[in-house]
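Remarks on the structure that follows.
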Amino acid sequence: MIVRDRPSGLRLFLTMRGSILSRIWKSLLVTTVLAIMVTLTGGALMHHKITLTAIPFTLMGLPLAIFLGFRNNSAYDRYWEGRKLWGELVIRSRNFSRQCLSLIGPASPDKAGDGDVPTRMIHRAIAFAHALRHHLRDSDSSAELKPLLAADEWRQIEKVSHKPHFLMERMGEDLRRCLNDGRVDSVLMASIDATLSAMVAAGAACERIKNTPVPFSYTLLLHRTAYLYCFLLPFGLVDTLGFMTPFVVGIVAYTFFGLDALGDEIEEPFGVSANDLPLEAICRGIEINLRESLAEENIPRPFTPVDYHLT
Amino acid sequence: MIVRDRPSGLRLFLTMRGSILSRIWKSLLVTTVLAIMVTLTGGALMHHKITLTAIPFTLMGLPLAIFLGFRNNSAYDRYWEGRKLWGELVIRSRNFSRQCLSLIGPASPDKAGDGDVPTRMIHRAIAFAHALRHHLRDSDSSAELKPLLAADEWRQIEKVSHKPHFLMERMGEDLRRCLNDGRVDSVLMASIDATLSAMVAAGAACERIKNTPVPFSYTLLLHRTAYLYCFLLPFGLVDTLGFMTPFVVGIVAYTFFGLDALGDEIEEPFGVSANDLPLEAICRGIEINLRESLAEENIPRPFTPVDYHLT
Amino acid sequence: MIVRDRPSGLRLFLTMRGSILSRIWKSLLVTTVLAIMVTLTGGALMHHKITLTAIPFTLMGLPLAIFLGFRNNSAYDRYWEGRKLWGELVIRSRNFSRQCLSLIGPASPDKAGDGDVPTRMIHRAIAFAHALRHHLRDSDSSAELKPLLAADEWRQIEKVSHKPHFLMERMGEDLRRCLNDGRVDSVLMASIDATLSAMVAAGAACERIKNTPVPFSYTLLLHRTAYLYCFLLPFGLVDTLGFMTPFVVGIVAYTFFGLDALGDEIEEPFGVSANDLPLEAICRGIEINLRESLAEENIPRPFTPVDYHLT
Amino acid sequence: MIVRDRPSGLRLFLTMRGSILSRIWKSLLVTTVLAIMVTLTGGALMHHKITLTAIPFTLMGLPLAIFLGFRNNSAYDRYWEGRKLWGELVIRSRNFSRQCLSLIGPASPDKAGDGDVPTRMIHRAIAFAHALRHHLRDSDSSAELKPLLAADEWRQIEKVSHKPHFLMERMGEDLRRCLNDGRVDSVLMASIDATLSAMVAAGAACERIKNTPVPFSYTLLLHRTAYLYCFLLPFGLVDTLGFMTPFVVGIVAYTFFGLDALGDEIEEPFGVSANDLPLEAICRGIEINLRESLAEENIPRPFTPVDYHLT
Amino acid sequence: MIVRDRPSGLRLFLTMRGSILSRIWKSLLVTTVLAIMVTLTGGALMHHKITLTAIPFTLMGLPLAIFLGFRNNSAYDRYWEGRKLWGELVIRSRNFSRQCLSLIGPASPDKAGDGDVPTRMIHRAIAFAHALRHHLRDSDSSAELKPLLAADEWRQIEKVSHKPHFLMERMGEDLRRCLNDGRVDSVLMASIDATLSAMVAAGAACERIKNTPVPFSYTLLLHRTAYLYCFLLPFGLVDTLGFMTPFVVGIVAYTFFGLDALGDEIEEPFGVSANDLPLEAICRGIEINLRESLAEENIPRPFTPVDYHLT
């Protein structure tokens, strides 16, 4: 995520960090060069004048507006739903830690070997956030999971494909043990179980967004229309605009391709590119909240943006 | 579902897999041929000049934009709701397996004949996903259900029309037996029952989408307007565009018919055509998650796209 | 609800079943005749040339697009919300039957006179769906309710104005009796009560849709604008389009009036006109599901469309 | 709320009841008179020809469409959310009465002095609806509250500023007493408490809508743009439309001002103007439902529209 | 938040309070001066005529409409979601106070040293609202928190970074103590815990809105397009509009820049600028409600707008 104020004045046009220009300059260059060539030949292709006016572009503008508006909205909806889901995870993690500390009673003395269940559960909740992030980013979660889990749990999870799901199963087992030992009754257990279910739900919904792109045919139809539009545009404008044609075509192409590329980027918001969600910072936030609840000592510090960028 | 990256460069225009072109080429051909004929006769029909300009198309564009935008949004909303419902099923199935394993206590020794209830319930949850998929696709679920169910349960379900509903009733019976035997108390039973209710809800909502299309009159009105628009368009353009008329009409018709055909396809997202939801892959995912929870041995592998296509 | 595939080819334009044409032909005729008269007089009214061009219609198009788009969306939202509510009723009825059969314990022998409570409750749930449908359609529910209810319950309900509400009160009384007799404990009773509450909620939300139309002033403003637009249109087109004017005006009027009439029809989706919801078929579906749960013998068959129409 | 069928034929244009015309006729008159003056002077202001064409209005139409569309949607969303909240109150009131009658056990004989708790609670629920309505309309609720409450409760509530909140606190106290006396156990009490919470939620959400208008700057920006647009419009049209200018300006201004005034009216839907919600009729409906549940005798009759108007 | 009626007549154009003009006058001035210069030179730049017509602006209007519409909707959605979240906090605080007073039983005599738990909890709920507000506004909460908390609790919270989270943890501890002392059973405790969870959720969702702006690239793309549009516009208009050009450019720029600046302001609705949410007044409202529940004496008075402004 880019974190910065809006640049003002001339800098507005010169800022490159966070601009979509770096992703679309090739298409933009091709379109503009084409427009220059069309302008130089006066709208003729192989000595044959192409008889286009502005009217076809007004007509083609109708479906294009529908496509671009739809694409824009659906991409942002996915982005914002992704953000909400991670916000939900923050909420549920905080509630989970409060519940573990207030709803689970002390262990009976003869079960001391069981270890400190609430602490173990809360550490596992931190691990869940990290594991989910790495699961969504197809990256390796070892560095963060290992210190949070007991040695044998770590050994088991190393081999598992779906690490977040495994952690939740272990939560269930610990809860069962607490119920058997009388540390929670079934009502409070059901409350904690509901929080676990909500965490599972947030995680699975993230996977849904990741695994189900906007239907490919939509994207294909949109791309084709947008490119055709921009490639043909100089022929329709050259008669009235003359030497300003490439300039206008460049601006129009910049907005169309920019909107399209932006959609590509935030449609799958769990990656690490400039406009994606700062999952690392969110996980760190969860870790800080939960470790503070446990009154731990070496609490990590929040991430700060590097070059306006938070990953 | 088509799973592939966006083709770049010239291939963008040549890709046929996942393109909607295969569904609309007939209408497109008719329209273009008509436009060619109109161009050749200079806009006359039976030696009578048809006096149309671009203005009527701007006016007709208004209701058409409303229709197409509405159609586009409602079709995608149905698609995405369908996807959410199956995501919900994934979530609930995972929660259900965790609950079965952690909330249901061990059987008392004298009830050993009852079999392993949690395993039976989790297998039935896998069967529910498969049965629902086949119910939505009007296909035969025998191959997948038979190995998952006990012999007598299989015999009973064979004759039932609504298989998912039947499976849920059996879940209820098993739960009741657990309650009677003291393996769950009523609080935990209510928690599991709530998960069952959510699975029923997801299934029934899928049926709702399948059984209630967008009102037929909408579709009819949209089709008529779009076809009339494209058939009349050459008369309005030929005076200003000349020989480029068929080309422009072809592009406009491609976007209108394409948007329309795409709507037809994803409006009912549970089928098996190119842009429909990959229910088979989702069911397989549920099966993998749940069998891993049971620590089973021969866990099937996830589906991979065939020719970019996941069913 | 009209259930049919999209007609293709020429039949697309000739289909009358499900078309909105039957509702708007009068207005359409008036508009077209007016346009013909304007064409014949060359845009003059009482020998006075009306100086209109296409520009006013572009300007008026702006608010009209907002009105029509809004009307279209709000009408469809009401339709789809109505459908969701009945889907909710399907879901809750299935859950209710599963809960009655699995959560309510057997009667103690000394209470045998009470009758078979689960069966009575499930029959009452079927009656609730029928009663709600008739309540929304202001029709008579006697034929369907009488066989489903006990004789004295039938006698009581006959006099009640809000029959669905009465049935739910009886559900509550039966549940109370089960609680007193120890057939359910309070936890399971609360679960069943929550299902009843959800059924009440679905019913009352249907009443809300029925009783609260889109504000009348909206509809009035939209109608006036649309009619003025279409009546004035020929004056603005006749100078450029000549004898094609009535044809173009006819098409534009067809889309505007059609969209408007469609909105009128589906805005209140619980009626019996062509595009309304098939409540009868949905109620039948609930009846089949619930009677199958009770393993009854003479289960009615699902409704099938008559002349593509499902009521 | 205006309750009437759409007038057809010429009456469509003559109907004044429910029309927005009565609110905007002043602005409309000013605009039209201005347009007539501009037409008479041929678009000159102080002998200086104002060189405007239709183009600026096309450009200004873009932001105006965004403003008006946004205003329209947000106002209707507020209206419809308000309606949903009162629908929610209807639902919860019905559920509350069912729960009071079925979940609360009989009083023990030695507590007979406590009075009939379920009846008292249900009467208080009716009072809650009335109190909320008067709270939202800043009117006096004495006439309706006094007969519904016990004498000392009435004396207390008279002095309280937030009457609905006070009633809910009293509900909580009565519930507590029932719990102490063993008339409900904590599970059933939690169910009833959840219903109370939902009623509080509906009430507070209504207050939110009432207290938070659409940001003032939006409204200001919209008004200014719409007025500027309509005041300048005659200068842009007079050269092409001639004597038809005032007529066209009048129609355009009617739609813009009408849409705007309608937004003002339904944006705050709890008032008593023509298009506001019929809170009185809804409260009466709740009263009828709840009194029927108690099998009371003198049940009031539902409100019917007066001059098509339901308050 | 600006609280005032719409000014009518000429005052509509002169009102500055609540107008967005104070934020955009610089850009507006630059644009208008530029337009005047273009008008004076007749559209030439360095003696070179810039050949632009209105057509490019129609084409550029398409993506601009998508951007502005999107920006407008997403900014308002964030504003309204923020308002809903604080409304949720109002609701939950009221429910929380009712639950504390009705669900928590009296202390046993030997625990009298514990203090009055319900009062302490309700005071803490008031503190939670204040702490959340200051957390969102990065301001100092000492003045309001200190009198509401016990001396040692205040000493602890002073050092904590996330004060709302800390308060919730303390709520959990108090609840646990009540459970241990038998003042609530686990069912009622679960109900109160659910209310706490909902308060945490509202708070964390506010943080989500605060920390996640609309993707920077969107804003950048929109700004660039809007500025380019307005800077180029005079070249396209000067040939047809002549001396009216700067006037028209000024109006168009006013709407575009105004819409944009408004978006900037309400996109992060928790600040203290003119159109932000009146969090102080809402917190005060919560304080009044909760102190009235405790029947306290010196209840503060609601805030009233200062110069139409409520913070």
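Chains as they are written, first to last, in my numbering: chain C, 436 to 746; chain B, 436 to 746; chain S, 436 to 746; chain V, 436 to 746; chain X, 436 to 746.
For glycine and all other residues, C-beta sits at the position ideal for the given N, C-alpha and C.
Values in this document were obtained by computation on a predicted structure and should not be read as measured data.
Buried or exposed (CB count within 10 angstroms, at least 16 for buried), residue i
i	result
Asn582/X	This sequence places Pro at residue 582/X; Asn is not what is there. It counts as exposed.
Phe492/X	buried
Gly477/S	exposed
Leu494/X	buried
Gln534/B	buried
Thr739/C	exposed
Ser448/V	Before going further, note that residue 448/V is Phe rather than Ser in the sequence given. Exposed, because fewer than 16 other Cβ atoms sit within 10 Å of the Cβ of Phe448/V.
Trp460/C	exposed
Asn530/V	buried
Met481/X	exposed
Leu464/S	exposed
Val741/B	exposed
Asn710/X	buried
Val468/B	exposed
Ser443/S	exposed
Segment limits, alpha helix (DSSP H) that includes residue i
i	result
Glu722/X	Leu714 to Ser728
Arg439/C	No alpha helix (DSSP H) contains Arg439/C, which DSSP labels as neither H nor E.
Ile557/S	Val552 to Arg572
Asp545/S	No alpha helix (DSSP H) contains Asp545/S, which DSSP labels as neither H nor E.
Ile701/X	Thr680 to Glu702
Val673/X	Phe651 to Leu676
Ser615/S	Residue 615/S is actually Asn in this sequence, not Ser. Per DSSP, Asn615/S belongs to the alpha helix (DSSP H) from Lys598 to Asn615.
Arg533/S	Ile490 to Leu538
Glu593/V	Ala586 to Glu593
Met470/C	What sits at residue 470/C in the sequence shown is Ala, not Met. Its alpha helix (DSSP H) spans residues Leu456 to Thr476.
Asn646/V	Ser621 to Asn646
Ser577/S	Ser577 to Leu580
Arg434/V	Outside the shown range of chain V (436 to 746) lies residue 434/V, about which nothing can therefore be said.
Contact belief for residue i with residue j at Cβ below 8 angstroms, rounded distance in angstroms
i	j	result
Ala560/B	Ser532/B	7 angstroms
Val684/V	Leu672/V	7 angstroms
Leu623/V	Ser621/S	5 angstroms
Ser652/C	Ile734/B	Contact doesn't hold; Cβ gap of about 33 angstroms is too wide.
Ile644/S	Arg513/S	6 angstroms
* To do: Could you list the residues in the region 447–460 of chain C with a C-beta less than 8 angstroms from some C-beta on chain X, going in chain order?
  => Leu447, Phe448, Thr450, Gly453, Ser454 and Ile455
* Asked: For the region 615–634 of chain X, which residues have a CB atom closer than 7 angstroms to at least one CB atom of chain V, in sequence order?
  -> Asp620, Val622, Leu623 and Ser626
* Determine contact between the region 688–705 of chain C and the region 508–520 of chain C, defined as no fewer than three beta-carbon pairs at a distance below 8 angstroms. => yes
* Where the region 528–541 of chain C meets chain X: residues whose CB sits under 9 angstroms from a CB there -> Arg529, Asn530, Ser532, Arg533, Gln534, Leu536, Ser537, Leu538 and Gly540
* To do: Determine contact between the region 565–579 of chain C and the region 595–602 of chain C, defined as no fewer than three beta-carbon pairs at a distance below 8 angstroms.
  => yes
* Asked: Residues in the region 581–603 of chain C with C-beta within 7 angstroms of chain B's C-beta atoms, listed in sequence order?
  -> His597, His600 and Met603
* Asked: Going along the region 648–677 of chain X in order, which residues come within less than 7 angstroms of chain C, judged by CB to CB distance?
  -> Pro650, Phe651, Ser652, Tyr653, Thr654, Leu655, Leu656, His658, Arg659, Thr660, Tyr662 and Leu663
* To do: Indicate whether the contact test is met: 3 or more Cβ pairs, each with one atom in the region 721–732 of chain S and one in the region 496–514 of chain S, closer than 8 angstroms.
  => no
* Contacting positions in the region 559–580 of chain X - beta carbon closer than 7 angstroms to chain C -> none
* Asked: Looking at chain V, which residues of the region 468–501 of chain S have a Cβ within less than 8 angstroms of any of its Cβ atoms?
  -> Ile485, Thr486, Leu487, Thr488, Ile490, Pro491, Thr493, Leu494, Met495, Leu497, Pro498, Leu499, Ala500 and Ile501
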